[in-house]
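Novice: Using this note's numbering, you'd call the opening residue of the sequence shown number 206 and step up by one each time.
Note that CB positions come from ideal geometry on N, CA and C, so glycine has one too.
Just so it is clear, the structure is predicted and the values come from calculations on it, not from any experiment.
Below: one structure in structure tokens.
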Amino acid sequence: MMSKTWSLRYMLTRLRLGLDETIAQMQTTTATLPSAVQKGLEAYSKELTSVIYLSGAAMVPALNAKVTTDASAVEKLLVRLFPRPSFKDLYVGDTVALQSPLSAEQQILVRRLAAVEGEEMLSDEAELQSWPLSEGQCWVLSEAESFKASEVIDSRSFGPLPVENIIGRVIYQCQSPTEHGPTANSDQAMAEDAVILDAELDVENFCTSDKQT
């Protein structure tokens, strides 16, 4: 997907990922400096995005809205990857791709990030007390208002999600060659992701090729 000239901001984003990976490797007990640097270079060299496909109605109306009239509808999504996810890069209001904690087969879900570590969760049931999210935890929710809480898989069914389960943030969506655009996220995320979209997204190619079969 990469075909554009790199901007300085984009280069710095990749450099930061490479440096973060090098530092993380050095904090392990088995890494040597050369091996840590090699891992950092590998992180720097990788594209920052990947494609996934979303089916089902869990994120309607934000994503895959056509599924309300066509049960087979699928939406193509561009995900900004976070190899080492943290709340330095993820914000309340973001649309995130995550590994379901309920599946041993690495099922990928897409949900809205509703709360992060340190924030207090309030129960809909009056007899239950509120509780804070612990360090490294977040709360993710489906957006399908037509579903009951028991009918969807999100934090209401599996509880707080470890941030390590987050794969990345959905930054662009395509339902068809004429229905596509940036995914609604927090203002901060959309500002940060603009440079990624500019560097890695070829809209025409993204929306007309690589159809899921």
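With a cut-off of 8 Å on the beta carbons, I'd call residue 321 and residue 302 a contact; round off their distance for me.
Specialist: In fact, because the Cβ distance is near 16 Å, the residues do not count as touching under 8 Å.
Novice: Would you kindly work out how many angstroms separate the C-alpha atoms of residue 296 and residue 402, rounded to a whole number?
Specialist: Approximately 18 Å, taken between the alpha carbons.
Novice: Residue 360: buried (16+ other C-beta within 10 angstroms of its C-beta) or exposed?
Specialist: Flag for residue 360 reads buried.
Novice: Please name the residue, chosen from 317, 252 and 268, that lies closest to residue 259 on a Cα-to-Cα basis.
Specialist: Answer by Cα proximity: 268.
Novice: Name the two residues that bound the continuous beta strand (DSSP E) containing residue 371.
Specialist: Run containing residue 371: 371-381, per the beta strand (DSSP E) assignment.
Novice: Is DSSP giving residue 258 helix, strand or coil here?
Specialist: Residue 258: strand per DSSP, three-state reduction.
Novice: With distances taken from CA atoms, which of 252, 245, 225 and 233 is nearest residue 400?
Specialist: It is 252 whose Cα lies nearest to the Cα of residue 400.
Novice: Taking the alpha-carbon of residue 365 as reference, which of 323, 261, 392 and 409 has the nearest alpha-carbon?
Specialist: The option with the nearest alpha carbon to residue 365 is 323.
Novice: When you compare the CB positions of residue 254 and residue 262, do they come within less than 8 Å of one another, or not?
Specialist: Contact flag unset, no.
Novice: What does the Cβ neighbour count give for residue 309, buried or exposed, with the cut at 16 atoms within 10 Å?
Specialist: Per the 10 Å Cβ criterion, exposed.
Novice: Report the rounded CA-to-CA distance for residue 337 versus residue 409, giving the unit in angstroms.
Specialist: Looking at the two C-alpha atoms, the distance is approximately 44 Å.
Novice: Could you tell me which of 223, 350, 234 and 236 sits nearest to residue 287, measuring between CA atoms?
Specialist: Minimum Cα distance to residue 287 is reached at 223.
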